[in-house]
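Taking it in order: structure first as structure tokens, then the write-up.
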Amino acid sequence: MATGKYVPTEREAAFQSTIESPKYERDIINGLTPFFKDKAPADIKAFYSAEELAALAALKGSPRDVEARMPVKMTRHFFELAQNSKPLQNIVKATPDETLNLAGSEDPGYQMDFAPVEGLLHKYEMGLLYAVSTCSAHCRFCYREELISQKEIERQDGTVAKKGLAKIKDVTDYIRQHNEIVAANGGRHPETGREKLREILLSGGDPMVLPNRKIGAWISALAEAGIESIRLGTKEMSFHPKRFDQAFLSMMDNFHETYPDVGFRLMIHFNHPDEFLVKGPDGAYLTNPNGSLKWHDDTRLAMEGVTARGWIHVENQAPIIKGVNDDPDALRVMQRALYRAGVGNHYFFCGRDIVAYRAFNVPIERAWQILNESQKGLSGVETHARLSITHYKGKTEVAAVTNEPIPGVPGTENGVLIFKILRNAMDAPDRGKVCMVARNPDAIWFDDYEDRVIFDEAGLYDYGRVDRKKKVEIQQPAEVAVGG
Ligand code: SF4
């Protein structure tokens with residue numbers, strides 16, 4: 033990809049000149065060292081007990097060092113929420129158990145196979161950008177732990193390097209080039225068959241840790257490059273909601289005025305209602321006079337700020353994680369409260385096969401049952417969320433889990449699980465294809481069903497890693513092919 037400096041257009045420069053970029057005081061407690069050395073703020077010290085710290089300290093420098101797997105980080109706002117919430121503590125609190133079993137993939141989903149330029153994953157009509165490699169706080173179950181902890185990843189060509197961040201010039205050059213070839217070829221790329229790259233997800237890490245001027249530079253450059261819709265993935269509503277202040281909202285207003293045709297979606301990440309609802313001394317959620325649930329003031333203001341702008345769509349998506357939100361009641365409350373506030377419930381995810389995934393992932397069938405149970409009693413519009421599991425082939429829905437045998441079909445004595453492909457990173461027509469496997473209540477990843485596939489038109493169990501350069505699929509050894 034061509035190097036050199038990115039030169040904004042006049043329109044871009046005019047928009048960027050209006051951006052106010054204040055510094056945000058998140059009051060971050062970084063790492064375990066402040067706890068080990070008794071230097072954490074007085075009221076935060078007790079977040080870890082002496083026994084917990086001794087157990088974590090004993091792992092320091094060993095292969096089971098929890099901070100080497102995933103850096104530890106927390107904001108004061110989140111600490112205050114977590115003080116009275118075990119599920120929230122489990123989101124950010126390191127435990128020795130998380131490195132008991134380090135099995136898992138260093139590059140879940142072989143993301144780097146889809147990176148035509150550093151920091152950009154191109155998946156059919158959509159691109160995902162690694163815009164930054166940290167967040168205001170760190171979830172222990174994060175599936176970008178290899179980016180956040182800056183691990184060396186083996187690429188498909190055998191080279192080994194840390195995942196790099198996206199650069200505006202490289203990414204916009206690539207988008208323009210791809211889209212010009214597609215346009216000149218009647219709507220499809222002559223080699224890959226892909227359509228226009230029309231949507232970009234700004235991700236990381238959390239792009240909301242970047243200053244406004246950097247976010248503004250990205251979104252205006254993407255708009256100039258012909259992107260029709262931009263998404264920004266963030267957990268900042270939970271970690272530091274004051275980030276969604278007037279300076280940010282004014283920038284977004286100016287962006288919309290400058291580029292009215294560009295759609296914008298905020299993909300937020302709440303795992304549990306304790307992240308935004310107020311609880312009374314008895315642990316019950318407080319209500320407003322009309323019976324609706326009461327939000328924390330900072331989070332309510334942040335949410336009202338974005339939802340008041342009808343052109344900013346807000347959607348929540350979150351994994352279902354052991355000890356955090358494997359709880360139908362919590363998920364029911366969350367879906368209901370979010371929908372009322374104008375937030376769509378997009379996906380719940382089964383945890384991915386990250387390093388140490390067995391410490392965090394809920395069995396697939398259990399996750400489906402939890403979500404299904406949580407949606408009982410909710411209205412149709414509150415239950416748009418589906419349970420997704422990310423196969424190496426693309427996003428796949430866990431569509432159904434049954435309990436009864438299918439007459440005449442061997443292997444279905446305990447019922448079946450049906451996967452359905454929602455989107456394939458390479459090829460649109462795969463959508464809707466299904467795979468049926470016999471039940472395995474302990475299954476946590478696709479390979480746990482490897483010996484019980486009944487029907488697989490989706491090709492989930494006959495999958496080769498994609499070779500971008502040759503534009504063909506090459507066969508992988510069995511244990512990799514079914515890795516998900
Ligand atoms: S906010 Fe998202 S990217 Fe950041 S640590 Fe949590 S899961 Fe990972």
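Numbered per our numbering, the sequence shown spans residues 33 to 516. Virtual Cβ for every residue (Gly too), placed ideally from N, Cα, C.
The stretch 393-402 makes no contact with the stretch 146-164; the number of CB pairs closer than 8 Å stays below 3. The beta carbon of Lys267 sits closer than 7 Å to at least one heavy atom of ligand 1. Annotated as distal: Ile232 and Ile213, with beta-carbon spacing of 8 Å or more. In the three-state reduction of the DSSP assignment, Asp488 falls in the strand class, which pools E and B. DSSP, read as helix, strand or coil, puts His272 in coil.
At least one heavy atom of ligand 1 sits closer than 7 Å to the Cβ of Asp238. Taking a 10 Å sphere around the C-beta of Trp343, we find fewer than 16 other C-beta atoms and assign the residue as exposed. With a beta-carbon spacing of about 4 Å, Val98 and Ala126 fall inside the 8 Å limit used to define contacts.
Phe47 places its beta carbon less than 8 Å from that of Thr290.
The DSSP assignment places 98-101, 108-114 and 118-124 as complete runs of the alpha helix (DSSP H) inside the stretch 85-130, in order along the chain (cut-off: 4 residues).
The beta-carbon separation of Ile450 and Asp462, rounded to 15 Å, does not stay under the 8 Å limit for a contact.
Taken in chain order, the complete alpha helix (DSSP H) segments of 4 residues or longer contained in the stretch 374-440 are 396-406.
In this structure, Cys382 has its beta carbon at no less than 7 Å from each heavy atom of ligand 1. Rounded to the nearest whole angstrom, the C-alpha separation of Thr415 and Pro351 is 16 Å.
Within the same chain, and ignoring the five residues on either side of Leu134 in sequence, the residues whose Cβ sits closer than 6 Å to its Cβ are Val387 and Ala388. Distances taken from the Cβ of His301 to the heavy atoms of ligand 1 include one shorter than 7 Å. When C-alpha distances from Thr166 are compared across Glu268, Gly218, Val430 and Glu482, the shortest belongs to Glu268. For a cut-off of 8 Å, the C-beta gap from Leu419 to Glu429 is around 7 Å, short enough to register as a contact. Taking all protein chains in view, the Cβ of Asn348 is crowded by 16 or more other Cβ atoms within 10 Å, so the residue is classified as buried. The DSSP-derived three-state label of Thr50 is coil. With respect to Trp477, Asp385 sits close: the two C-beta atoms are nearer than 8 Å. In terms of CA proximity to Gly295, Leu254 leads the group Thr266, Leu254 and Leu333. According to the DSSP assignment, Gly159 belongs to the beta strand (DSSP E) that extends over Met158 to Tyr162. With contacts defined by Cβ atoms closer than 8 Å, Ala257 and Leu325 do not form a contacting pair. Under the three-state reduction of DSSP, Pro351 is assigned to strand.
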